[in-house]
Every structure is written in structure tokens, then in C-alpha cells.
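Report on the following structure.
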Amino acid sequence: MPGPNQAIVTRVRICPNCDGFATAAVPAGTRHSDGSRVLLHVDCATCHGIGTVPLRPRLTAADVEVAA
Ligand SMILES: [Zn+2]
29 MPGPNQAIVT
39 RVRICPNCDG
49 FATAAVPAGT
59 RHSDGSRVLL
69 HVDCATCHGI
79 GTVPLRPRLT
89 AADVEVAA
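Just so you know, we're using our numbering here: the sequence shown kicks off at 29 and counts up by one.
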């Protein structure tokens with residue numbers, strides 16, 4: 029009998045490169061005319077700004093696909 033909280037089955041996992049923080053705001057070193065900083069928004073190169081990556085299919089010894 030399953031418990032009150034059922035397991036969530038997902039086909040993606042949090043990006044191991046950025047840990048889910050897919051876009052970083054990097055100060056460019058200059059300022060706008062109103063004094064605020066110029067920020068460059070840079071996407072993670074691994075997940076391309078999504079924050080998750082697809083699970084890699086992995087097979088057990090019995091050729092059963094399990095999550096990575
Ligand atoms: Zn990422």
C-alpha cells in the first residue's frame with residue numbers, strides 16, 4: 029500500500045553544472061545613465077538556461093531501465 033505521499037516520477041534532473049540556477053547576472057563593470065549597473069545575463073552552457081537536463085537511461089543487469 030503506498031503512503032500518503034506518492035513518489036514523483038520525472039524524466040529530468042537538476043543540472044549538475046549550475047545546480048538549477050540556469051542564468052547568472054554578471055556585472056559588466058559599467059553603469060547606465062541612471063546609475064544602475066549594466067548586467068549581462070549568461071545562460072549555463074550545460075543546460076542552456078533551462079536548469080534541468082534529461083535523465084540518462086540506465087539499464088540494470090536484468091535489462092530494466094532505471095533512472096540515472
Ligand atoms: Zn545548468
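Using N, Cα and C, we set each Cβ at its ideal position, and we do this for glycine too.
- Under the criterion of beta carbons closer than 8 Å, V70 and R59 do not qualify as touching, at roughly 19 Å.
- When DSSP states are grouped into helix, strand and coil, I78 belongs to the coil group.
- For A50, same chain residues with a beta-carbon under 7 Å away, outside a window of 5 residues either side, are C43, D71, C72, C75, G77, I78, G79 in chain order.
- The three-state secondary structure of A50, taken from DSSP, is coil.
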